[in-house]
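Reviewing the structure listed below.
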Amino acid sequence: MLDLESLHLLGFSQYFSSQFAALDESERLAPARVVADQRGHYTLLGERLWHGTLSGRLRHELTDEQRPVTGDWVAVEPVDDARAVVSATLERSTVLRRKAAGTTASAQILAANVDVFFVVTTATDELNPRRVERFLAAIWSGGAQPVIVLNKVDLVESAAPMIDALRAVARDEAPVVAVSALDGRGLDALAPWVEPTRTVGFVGSSGVGKSSLINAMLHGHVQRASHVADDGRGRHTTTGRSLHRLENGAWLMDTPGLREFGAVDDEGDGLRRVFSDIDALANQCRFRDCRHDNEPGCAVRAAVEAGSLAEERLRSLHKLEREARAAAVRHDHAAAAAEKRKWKGIARSLRSLDRDKDRG
Ligand SMILES: Nc1nc2c(ncn2[C@@H]2O[C@H](COP(=O)(O)OP(=O)(O)O)[C@@H](O)[C@H]2O)c(=O)[nH]1
Ligand SMILES: [Mg+2]
Ligand SMILES: [Zn+2]
Numbered sequence: 003m004l005d006l007e008s009l010h011l012l013g014f015s016q017y018f019s020s021q022f023a024a025l026d027e028s029e030r031l032a033p034a035r036v037v038a039d040q041r042g043h044y045t046l047l048g049e050r051l052w053h054g055t056l057s058g059r060l061r062h063e064l065t066d067e068q069r070p071v072t073g074d075w076v077a078v079e080p081v082d083d084a085r086a087v088v089s090a091t092l093e094r095s096t097v098l099r100r101k102a103a104g105t106t107a108s109a110q111i112l113a114a115n116v117d118v119f120f121v122v123t124t125a126t127d128e129l130n131p132r133r134v135e136r137f138l139a140a141i142w143s144g145g146a147q148p149v150i151v152l153n154k155v156d157l158v159e160s161a162a163p164m165i166d167a168l169r170a171v172a173r174d175e176a177p178v179v180a181v182s183a184l185d186g187r188g189l190d191a192l193a194p195w196v197e198p199t200r201t202v203g204f205v206g207s208s209g210v211g212k213s214s215l216i217n218a219m220l221h222g223h224v225q226r227a228s229h230v231a232d233d234g235r236g237r238h239t240t241t242g243r244s245l246h247r248l249e250n251g252a253w254l255m256d257t258p259g260l261r262e263f264g265a266v267d268d269e270g271d272g273l274r275r276v277f278s279d280i281d282a283l284a285n286q287c288r289f290r291d292c293r294h295d296n297e298p299g300c301a302v303r304a305a306v307e308a309g310s311l312a313e314e315r316l317r318s319l320h321k322l323e324r325e326a327r328a329a330a331v332r333h334d335h336a337a338a339a340a341e342k343r344k345w346k347g348i349a350r351s352l353r354s355l356d357r358d359k360d361r362g
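The opening position of the sequence shown corresponds to residue 3 in my numbering, with each subsequent residue numbered one higher.
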């Protein structure tokens, strides 16, 4: 199938190849990319297309977050022409992480090694700026680059008001591109991001047209396609997260079922980047840890009063910060509980070890 040079073209960059070369016994292994993941059954594309599962050791050693997901580069040990065992994972260049809802300690990794995310919205839906902010924050926090794609512009008389509203959220930080997957307009403007060696992910609510955009690109609007994960009829349908290879060497990744991110992960720089206008103003607040509530000498509140900053934006920042803090507390509680269980388990096995010794 693919020689190493082609793998390189498909994103197996220096970053991954040097990690691969440093693995023990790398000469027995082959690099491969996870192009689909069905609950631990991986479709792996390397020199061949393999189906594989994790080695016993990895199954034990990897945390939930470390388990391979679509987009990951891994090292496999081929079993035969069609099957392989995943025996090592390579460190990710980017992640799309969702703070798990509820009380589990670990976040959910939705995608790995995606360079650019197209955040898809439609011209017919009402804009929800909070939602776009969440997507942007999560994408930046994970190290990827967002592009806002306004789809279905064929359905409206003028997309200009919607484009303006999106630009107000994205400001200079993320581009906004208006397109129609139906008649193909605007798709050329996406070409600069759909480049050889790059991986482009699609996020957005169900029905916004992610699959349609991918199909439009796979069928010639951007480049002719070569499918690696499809339904066998040459048309991509949404079943799970999967990667599709364009002939030019770019990858497209659908991420179905991703409506919301829940709480934003505050560990990265995402929130600061989304609210970089407020961040810049905050440098002039009297107190360095100003929360821009009622503190004296607050430059952010002053900007709201002067009308140069929309109050809604400040409210939005406060809301997302509160959510991030609440999620962090949940995370700490869950981590503490997990730690406690672990020590209970260790104490129990020590006790039984003692008993065995007494008996022996
Ligand atoms: N009019 C119009 N309809 C579109 C466009 N893109 C997608 N659709 C339609 O929107 C519906 C949902 O599209 P789909 O690609 O399945 O959305 P997904 O859930 O985000 O993958 C389908 O009926 C598509 O035909 C577009 O640009 N214009
Ligand atoms: Mg879909
Ligand atoms: Zn302030």
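Think of the CB as a built atom: it goes at the ideal place given N, C-alpha and C, for glycine as much as any other residue. As the structure is a prediction and not an experimental result, all values here were calculated from the model.
DSSP, reduced to helix, strand and coil, places residue 18 within a helical segment of the structure shown. For the set 244, 327, 272, the Cα lying nearest the Cα of residue 40 is the one of 244. Closest by C-alpha distance to residue 60, out of 46, 116, 76, 350, is 76.
In the structure shown, residue 58 falls within a helical segment according to DSSP collapsed to helix, strand and coil. Residue 124 places its beta carbon 8 Å or farther from that of residue 203. For residue 254, the enclosing beta strand (DSSP E) has its first and last residue at 253-256. Taking each of 96, 47, 68 in turn and checking the Cα distance to residue 79, the smallest one comes out for 47. Taking 8 Å as the cut-off, the beta carbon of residue 119 is found closer than this to the beta carbon of residue 148. For the pair residue 208 and residue 255, the Cα-to-Cα distance works out to about 15 Å. Counting only residues whose CB is nearer than 5 Å to a non-hydrogen atom of ligand 3, the list in chain order is 287, 292, 294, 300, 302.
Taking C-beta separations shorter than 6 Å and ignoring five residues to either side along the sequence, the partners of residue 299 in its chain run 288, following chain order. Cβ-Cβ distances below 6 Å link residue 131 to 171 in the same chain, with the five nearest sequence neighbours on each side left out; the list follows chain order. Straight-line spacing of the CA atoms in residue 38 and residue 174 works out to 34 Å.
At a Cβ-Cβ threshold of 8 Å, residue 45 and residue 70 do not count as neighbours.
Counting along the chain, the unbroken alpha helix (DSSP H) around residue 276 starts and ends at 272-276.
The beta carbon of residue 54 sits closer than 7 Å to the beta carbons of 44, 46, 78, 85, 86, 87, 88 from its chain, once the five residues preceding and following it are set aside; these are given in chain order.
In this model, residue 63 and residue 42 are separated by some 15 Å (Cα to Cα). Sixteen is the threshold: when 16 or more other Cβ atoms of the shown chains lie within 10 Å of the Cβ of residue 294, as they do, the residue is buried. DSSP lists no bridge partner for residue 327. Annotation: residue 213 to residue 195 spans about 17 Å, alpha carbon to alpha carbon. Where residue 307 is concerned, the enclosing alpha helix (DSSP H) starts and stops at 301-308. For a cut-off of 8 Å, the C-beta gap from residue 247 to residue 56 is around 24 Å, too long to register as a contact. Residue 279 and residue 22 have their C-alpha atoms spaced approximately 41 Å apart.
Burial state of residue 252 is buried, judged by a 10 Å Cβ sphere holding 16 or more other Cβ atoms.
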